[in-house]
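Asks: First, the structure itself, so that you have it in front of you.
In my numbering, the protein residues as written are 156 to 263.
This is the structure in structure tokens:
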């Protein structure tokens, strides 16, 4: 049976209480630290590099214009997925809302 994973946007500060404290202490004032995560069955299998985005845009999705490094982080994650045999099979509402599948289990 094939495997399936989805790419999601994750606010690192929301992953745990200590991550929230660290992001407040290490990020620029008014910024949040984000990354892309590829998950399968609730498990994070891949993570991208981090990038910052202004907190004032919290209600809307980040854009490269005010979130420098966002496109590069996603591109690197997609390279990792392709290298490990994942093929894109679907796309959601956002540029990063992607679905991937691969036929046989490979080393993770």
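Backbone N, C-alpha and C define an ideal beta-carbon position, used for all residues, glycine too.
Bridge partners for residue 209 per DSSP, in chain order?
Replies: Reading the chain shown from its first residue, position 54 is the one you call residue 209. In DSSP, residue 209 forms a bridge with 186.
Asks: Going by C-alpha to C-alpha distance, which of 231, 190, 257, 230 sits closest to residue 243?
Replies: In the chain shown, residue 243 corresponds to position 88, counting from 1. Nearest of 231, 190, 257, 230 to residue 243, Cα basis: 257.
Asks: Would a C-beta distance cut-off of 8 Å place residue 198 and residue 166 closer than the cut-off?
Replies: To locate residue 198, count along the chain shown from 1; it is residue 43. To locate residue 166, count along the chain shown from 1; it is residue 11. Against a cut-off of 8 Å, the Cβ pair of residue 166 and residue 198 comes out as no contact.
Asks: Given a cut-off of 8 Å on the beta-carbon distance, is the pair residue 239 and residue 224 in contact?
Replies: Taking the chain shown and counting its residues from 1, the one referred to as residue 239 is at position 84. Taking the chain shown and counting its residues from 1, the one referred to as residue 224 is at position 69. Judged by their CB atoms, residue 239 and residue 224 are not nearer to each other than the 8 Å cut-off.
Asks: With 8 Å as the threshold, decide whether the Cβ of residue 191 is near any Cβ in chain C.
Replies: Looking for chain C here will not work: only one protein chain is present.
Asks: Going by beta carbon distance, what residues of the same chain come within less than 6 Å of residue 159, once the five residues before and after it are set aside?
Replies: Walking along the chain shown from the start, residue 159 turns up at place 4. Correct list, in chain order: 256.
Asks: Would you check if the distance between the CB atom of residue 189 and the CB atom of residue 208 is smaller than 8 Å?
Replies: Residue numbering aside, residue 189 sits at position 34 when the chain shown is read from its first letter. Residue numbering aside, residue 208 sits at position 53 when the chain shown is read from its first letter. Yes, the Cβ-Cβ distance between residue 189 and residue 208 is below 8 Å.
Asks: Can you tell me which of the three DSSP states residue 166 falls into?
Replies: In the chain shown, counting from the first residue as 1, residue 166 sits at position 11. Strand at residue 166.
Asks: In terms of residue numbering, what span does the alpha helix (DSSP H) encompassing residue 234 cover?
Replies: Taking the chain shown and counting its residues from 1, the one referred to as residue 234 is at position 79. Residue 234 -> alpha helix (DSSP H) spans 225–238.
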